[in-house]
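Take a look at the structure below.
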């Protein structure tokens, strides 16, 4: 059974930092790419950062220079380091792992990030 468990969300003041983690089980993690999405209330779920298994990385323009996606294959875990957080970063953040070769796609349960003073 595939399971993705996210952690690291919470309440942070503007300008602060958080690191989200996504621990995977039930898959051969190294064969998957990792994506982070976010969804604010009343808005669509948008892609924030993308790391393919080849290591290539892309970021949404709104987070470039502030967020960093990474992974530790030995720990079967993906990360999203978020810095210089702004109130408009407030959202539920979701981890997604994907294997485009076989069309496989799995989601975490989401973790709330609230940026407020």
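Residue numbers (the working numbering): 1009 to 1125.
Just so you know, even glycine gets a beta-carbon here, dropped at the ideal spot from N, CA and C.
- In this structure, DSSP gives residue 1010 a state outside helix and strand, which the three-state scheme calls coil.
- The bridge partners DSSP lists for residue 1081 come to none.
- In the structure shown, residue 1097 falls within a helical segment according to DSSP collapsed to helix, strand and coil.
- With respect to the 9 Å criterion, residue 1101 and residue 1085 are not classified as neighbours on the basis of their beta carbons.
- According to the DSSP assignment, residue 1065 belongs to the beta strand (DSSP E) that extends over 1065-1067.
- Secondary structure at residue 1061: coil, using DSSP grouped into helix, strand and coil.
- For residue 1106, the closest alpha carbon among the candidates 1099, 1029, 1115 is that of 1115.
- Nearest to residue 1083 by C-alpha distance, out of 1022, 1110, 1035, 1051, is 1035.
- Taking the Cα positions, residue 1047 is about 4 Å away from residue 1053.
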